[in-house]
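Take a look at the structure below.
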Amino acid sequence: MVVSRFAPSPTGYLHLGNARTAIFSYLFARHHGGKFILRVEDTDRERSTQEFEQMLLQDLQWLGLEWDEFYRQSDRFDLYKEYAQKLLESGHAYPCFCTVEELESERKRAEEKGVPYRYSGKCRALTPQQVEGYKKEGRPYTLRFRVPDGRVVVFEDLIKGHISISVEDFGDFVIVRSDGTPTYNFVVVVDDATMGVTHVIRGEDHIPNTPKQILIYEALGLQPPRFAHLPVILGEDRSKLSKRHGAVSVRNYREEGYLPDALFNYLCLLGWSPPEEGKELFSKEELIRLFSLERVNSSPAVFSKEKLRWLNGVYIREVLPLDRLVEELLPFLERAGYRPDKDYLRRVLQKTRDSFETLKEGVQRLRPFFAGELTYSEEALKTLQTQQATAVLSAFLHKLQQRELSGEGVKAIAKEIQKELGLKAKEVWHALRACLTGELEGVGVDILCEVLPKEEVLGRVERALSKSGHRRPADTPQALLCEDFHRREDSPGLS
RNA sequence: GCCCCCAUCGUCUAGCCAGGUCCAGGACACCGCCCUUUCAAGGCGGAGAGCGCGGGUUCGAAUCCCGCUGGGGGUGCCA
0 MVVSRFAPSP TGYLHLGNAR TAIFSYLFAR HHGGKFILRV EDTDRERSTQ
50 EFEQMLLQDL QWLGLEWDEF YRQSDRFDLY KEYAQKLLES GHAYPCFCTV
100 EELESERKRA EEKGVPYRYS GKCRALTPQQ VEGYKKEGRP YTLRFRVPDG
150 RVVVFEDLIK GHISISVEDF GDFVIVRSDG TPTYNFVVVV DDATMGVTHV
200 IRGEDHIPNT PKQILIYEAL GLQPPRFAHL PVILGEDRSK LSKRHGAVSV
250 RNYREEGYLP DALFNYLCLL GWSPPEEGKE LFSKEELIRL FSLERVNSSP
300 AVFSKEKLRW LNGVYIREVL PLDRLVEELL PFLERAGYRP DKDYLRRVLQ
350 KTRDSFETLK EGVQRLRPFF AGELTYSEEA LKTLQTQQAT AVLSAFLHKL
400 QQRELSGEGV KAIAKEIQKE LGLKAKEVWH ALRACLTGEL EGVGVDILCE
450 VLPKEEVLGR VERALSKSGH RRPADTPQAL LCEDFHRRED SPGLS
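Dropping the structure here:
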């Protein structure tokens, strides 16, 4: 059975690059009907926190990645100790009493001489008596892995192909720290082996670690898994995507109003391409069916927020079922202070979902559909001040009082006003728009009138009108309008 | 410095493994037109890479080989 895993360390929010790794690993397991394991790598006790672990799990769940098994490395220290003991007994590991300072100066010396640094192997040949003696003195020590001389480790990467690295490039490395905690290269082997992981899918920054791990597998007499190293994700400047590039965590995008399915879909397009050309829109189920490591590109990809935005827009306007869109948008509206009725919101979204690309943007777009918070842009106020606008609005008010309101009705009314006043269609609509939305751009005014209760429309018109009609010298139109609209709290049926 | 990985429109990519059907296809972004009460959305059209450079191999190379250059990653008692 295929077993893959995602092994993040809880030292920050889930990074987009890691999220993609998780997705590919998940897709691979599901595609083969295998098992997907989540393993929290918290052996670095300095940097790992409970909070980050929680965030990590939440973000993964939000993305729709469900795991079959969960492990935390800090729960498995006994196991690592056991394996370390094995390596020690078989002579594949040895205690090293070098201090951090000593090692630091070794490194510095190498650098000065311009030669590549590797651990000197000073403690390699310590006699059992020396070791005993040092231990008795209470000197702290690490456990180092004895790297066989002259080996060239070779493996077939599922994405990169043939990779060969000589052990000359690294010296004996630490597998257990002086405080007794095991290090990454060691635990990862113990874990992958004991968990039955068959495919290690991870970022290509792990390529240099792979030979070390293979060596440990061999020392333990275990069969190494298959490796697949994904290319990194780059920022616009072609350096590794990092905080310098702005929003790089899944959390950021969630908060900005991106949908999990859209992010999932987009991330897949970064480095993987579907077998069928032309299509870019995929559900999770389709991705599971289509995914293969063979179609993962081996060169790094630049993350494009523009394209993510576009794809998110596609999900908002075409993919997501209306009811789910309502559910997704609701929390964003609530955060902005609106408490819309679901059915009402549903009706609004039906007409407006094609006019925004993120949920956050949706809140902005939908503001005119809710009472109480209308503010006016400068251009809108300027428009409202014109004589034309006043004429249009009073005509509108007059006609409105005698008939029902609907989208079609508004169109008819606008046309009548246009004729009667001898204006261009544009001028009529501009006045209505400014008065009803506070902006000169946005969703269709007819849509607004169709959905908004008639009394709310009347209210907005009346107030714009009465104030602009009885203007006192000291009052700027802005002050008049704003003050007025802010005073109005609720409108029946809206909150 | 040393080691490893990578290289097709601005960006994501198809094509490369099994050389000709590719004077290189799609998508985002961009430009124009249409629709239109605005911004979008939508529809239609356009521009944009001779496939990093230089050598080979071959009748023929984006596709195979070598070198160079460029970019990225690694070089920890981080993961």
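Oh and the first sequence: position 402 is 401 in numbering that gives the first Met the number 0, straight run, nothing missing.
Glycine included, C-beta positions come from ideal geometry on N, C-alpha and C.
Range of the contiguous alpha helix (DSSP H) that encloses residue i
i           : result
residue 80  : 76-88
residue 173 : Note, residue 173: premise wrong, no alpha helix (DSSP H); beta strand (DSSP E) at 173-175.
residue 28  : 15-30
residue 216 : 209-218
residue 306 : 304-313
residue 316 : Note, residue 316: premise wrong, no alpha helix (DSSP H); not H, not E.
residue 436 : 424-436
residue 132 : 127-135
residue 397 : 386-399
residue 141 : Element bounds for residue 141: not the alpha helix (DSSP H) but the beta strand (DSSP E), 141-144.
residue 362 : 358-365
residue 54  : 49-62
Test item: CB-CB of residue i and residue j under 9 Å
i           : j           : result
residue 366 : residue 351 : no
residue 122 : residue 154 : no
residue 194 : residue 2   : yes
residue 416 : residue 450 : no
residue 86  : residue 218 : yes
residue 325 : residue 158 : no
residue 188 : residue 142 : no
residue 240 : residue 264 : no
residue 22  : residue 68  : no
residue 201 : residue 6   : yes
residue 46  : residue 10  : yes
residue 41  : residue 52  : yes
residue 227 : residue 292 : yes
residue 172 : residue 180 : no
residue 174 : residue 215 : yes
residue 75  : residue 191 : no
residue 196 : residue 4   : yes
residue 203 : residue 258 : no
residue 354 : residue 442 : yes
residue 18  : residue 56  : no
For residue i, the nearest candidate out of the options (CA to CA)
i           : options            : result
residue 378 : 361, 425, 429, 391 : 429
residue 198 : 462, 20, 246       : 20
residue 161 : 209, 184, 106      : 209
residue 71  : 420, 44, 171       : 44
residue 145 : 134, 129, 117      : 117
residue 232 : 29, 462, 300       : 300
residue 398 : 381, 383, 419, 382 : 419
residue 458 : 6, 192, 400        : 400
residue 269 : 108, 230, 284      : 230
residue 255 : 31, 360, 94        : 360
residue 464 : 446, 426, 403, 395 : 395
residue 432 : 38, 164, 374, 166  : 374
residue 115 : 370, 78, 170, 284  : 170
Range covered by the beta strand (DSSP E) that runs through residue i
i           : result
residue 163 : 160-165
residue 347 : No beta strand (DSSP E) holds residue 347; the alpha helix (DSSP H) holding it covers 341-351.
residue 34  : 34-39
Residue i in three-state terms, based on DSSP
i           : result
residue 379 : helix
residue 180 : coil
residue 97  : coil
residue 225 : strand
residue 3   : strand
residue 281 : coil
residue 205 : helix
residue 8   : coil
residue 68  : strand
residue 445 : helix
residue 404 : coil
residue 189 : helix
residue 271 : strand
residue 121 : coil
residue 155 : strand
residue 456 : helix
residue 233 : strand
residue 199 : strand
residue 463 : helix
residue 411 : helix
residue 92  : strand
residue 109 : helix
Residue i beta carbon near the ligand GTP (any heavy atom closer than 8 Å)
i           : result
residue 171 : Among the components modelled here there is no ligand, and therefore nothing to report on the ligand GTP.
- Which residue spans inside the stretch 242-268 form an unbroken alpha helix (DSSP H) run of at least 4? Entirely contained in the stretch 242-268, the alpha helix (DSSP H) runs reaching 4 residues are, in chain order, 249-254, 259-268.
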